[in-house]
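Peer 1: Quick note on numbering: the numbering used here labels position 78 of the sequence shown as 80, and the sequence is numbered without any gaps. Where a beta carbon is used, it is the ideal one built from N, C-alpha and C, also for glycine.
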Amino acid sequence: MVTDIIFDLGGVLLDLNMQDLQKACMRLGIAPELFFVKADEENTSTVCHGISASKVITAYQVGEMTSEAFLTLVQSLCPKGITREDIIEAWNSCIGLIPKERLDMIKALRSNGFHTHLLSNTNDLHWEEIKRRYFSDKGYTCKDLFDHVFVSHEMHLAKPDPEIYRQAVRQIGRPAAQCLFIDDALVNVEGAQQEGLQGAWLDIQEPDGLKTILAKYL
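Here it is, written out as structure tokens:
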């Protein structure tokens with residue numbers, strides 16, 4: 003029996019525009035390698051000055067690097083004349099839409115007695131922009147849609163670290179076996195399953211993939 007649905011954000015609820023980010027980087031002369039690191043494999047590329055892209059992104063994602071430090075570092079790798087505002091605009095350009103039907107689906111789940119939660123690997127700049135664009139500007143808060151919001155930069159943990167799932171389940175307060183975790187990264191789904199959660203991988207190429215998963219498990 004599923005009582006709780008835990009959603010990933012990017013790729014599941016939020017559409018990502020990675021091509022827009024790459025174009026923005028190229029337009030500003032920012033090394034795209036700084037922003038493009040595969041989550042499922044070791045990346046040993048360096049951007050410049052011996053800086054490892056994987057370490058930069060990971061540090062920022064788990065809150066070990068502040069937005070101020072992140073912007074300072076990226077600006078040091080950019081051509082002269084590039085402002086922090088330019089960098090923020092480029093960095094946030096990958097944030098796509100959260101289609102209304104997905105928000106309506108979450109509201110419907112809650113109306114039917116399910117508990118909904120968010121578990122995302124993200125960072126401060128992206129999260130603040132997403133909250134502004136899709137919550138504050140629309141007149142409601144995350145609490146209107148989610149019982150709990152678990153974001154990596156606040157938890158100082160990132161999927162698929164086993165501890166992030168353990169902490170989420172503890173705060174939810176119900177057995178892991180009653181929690182369904184949905185993510186578009188298989189490694190994250192497998193990590194959740196190893197901690198006793200039910201896990202479902204979302205194929206982002208499947209238009210009705212989310213509806214199919216919910217129909218199967220609920």
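#1: If I follow the unbroken beta strand (DSSP E) through A202, where does it start and stop?
#2: Give a yes or no on whether the C-beta atoms belonging to D10 and D186 are separated by under 8 Å.
#3: So within the region 138-217, which uninterrupted beta strand (DSSP E) runs reach at least 3 residues, ignoring any that extend past its ends?
#4: Do the region 164-182 and the region 72-87 touch if we need at least three Cβ pairs shorter than 8 Å?
#5: Assuming C181 and Q196 form a contact by the criterion Cβ under 8 Å, report the distance between their Cβ atoms to the nearest whole angstrom.
#6: For the alpha helix (DSSP H) containing D17, name the first residue and the last one.
#7: What three-state label does DSSP hand C85 in the structure shown?
#8: For D88, collect the residues of the same chain with a Cβ closer than 6 Å to its Cβ; drop the 5 residues on either side in sequence, then sort them by chain order.
#9: The ligand NAP and D6: does any heavy atom of the ligand fall closer than 7 Å to the residue's C-beta?
#10: Quick one: residues in its chain with C-beta nearer than 7 Å to the C-beta of D22, no 5 flanking neighbours on either side, listed in chain order?
#11: So what does F9 bridge to, in DSSP terms?
#12: What does DSSP give as the partner residue(s) for I97 in the beta ladder?
Peer 2: In this structure, then:
#1: Q200 to W203 is the extent of the beta strand (DSSP E) around A202.
#2: Here D10 is near D186, since their CB atoms are less than 8 Å apart.
#3: Taking only runs of at least 3 residues, the beta strand (DSSP E) segments lying wholly in the region 138-217 are 150-153, 181-185 and 200-203.
#4: The region 164-182 vs the region 72-87: no contact.
#5: Actually they do not touch by this definition, with Cβ atoms about 13 Å apart.
#6: Per DSSP, D17 lies in no alpha helix (DSSP H) segment and is marked neither H nor E.
#7: In the sequence as presented, Cys is not what sits at residue 85; that position holds Thr. Residue state, collapsed to three classes: coil.
#8: Hits under 6 Å: L30.
#9: Because no ligand of any kind appears in the structure shown, any question about the ligand NAP cannot be addressed here.
#10: If we look at D22 and ignore the five residues flanking it on each side, its Cβ neighbours are S95 and C96.
#11: DSSP lists L120 and I184 as partners of F9.
#12: Per DSSP, L18.
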